[in-house]
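Data block below; observations after.
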Amino acid sequence: MKSNCMHLAIPAGDLEKAKAFYCDVLGCKTGNSEAGHWVDIDFWGNELTLHQSEEQLPNVRHDVDMGAVAVPHFGAHLPNEEFQALKTRIEAAGLEYLDKPYRRFVGSEYEQETFFIQDPNGNVLEMKSMVNPQLMFK
Numbered sequence: 001m002k003s004n005c006m007h008l009a010i011p012a013g014d015l016e017k018a019k020a021f022y023c024d025v026l027g028c029k030t031g032n033s034e035a036g037h038w039v040d041i042d043f044w045g046n047e048l049t050l051h052q053s054e055e056q057l058p059n060v061r062h063d064v065d066m067g068a069v070a071v072p073h074f075g076a077h078l079p080n081e082e083f084q085a086l087k088t089r090i091e092a093a094g095l096e097y098l099d100k101p102y103r104r105f106v107g108s109e110y111e112q113e114t115f116f117i118q119d120p121n122g123n124v125l126e127m128k129s130m131v132n133p134q135l136m137f138k
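Its first residue numbered 1, the sequence shown is counted upward by one per residue in UniProt numbering.
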């Protein structure tokens with residue numbers, strides 16, 4: 001893992017259900033953990049810490065070009081091949097999208113495909129694949 005990765009800790013509800021979602025469906029790997037309390041997930045090179053919890057984060061919707069999106073949310077930018085494989089795994093697992101795959105900024109240099117999904121505790125993830133990822137922070 002790179003040393004300048006992002007760290008995010010979230011309430012995960014049932015850790016076993018959360019680990020199954022993040023590892024079996026999304027394809028992430030586990031790292032350090034404290035049994036029954038928390039587990040680190042290698043979230044595409046970033047440290048996502050899932051905490052056993054009773055609570056959930058609140059969600060609201062904010063208007064953007066593609067409609068009202070859930071906030072807070074987090075996710076990853078993936079190469080298109082990996083993004084398409086992730087969609088296949090999500091559909092094979094019988095999960096429903098919170099917001100179905102959508103192409104944004106079509107025809108512009110920032111064109112991307114994105115979708116929103118919830119983990120078992122209701123945390124919202126936005127996954128993206130940009131046509132020109134090198135332009136993200138130009």
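Here a beta-carbon is modelled for each residue, glycine too, at the ideal position from N, C-alpha and C.
For clarity, every value in this text was computed on a predicted model and none was experimentally measured.
- The count of Cβ pairs closer than 8 Å, one atom from the stretch 54 to 68 and one from the stretch 21 to 38, stays below three, leaving the stretches out of contact.
- Distances from the CA of residue 73 to each of 38, 99 and 81 were compared; the closest alpha carbon is that of 99.
- Fewer than three beta-carbon pairs drawn from the stretch 37 to 47 and the stretch 96 to 115 are found closer than 8 Å, and the two stretches are therefore not classed as touching.
- In terms of Cα proximity to residue 67, the closest of 120, 15, 116 and 131 is 116.
- A direct Cα-to-Cα measurement between residue 39 and residue 130 gives close to 30 Å.
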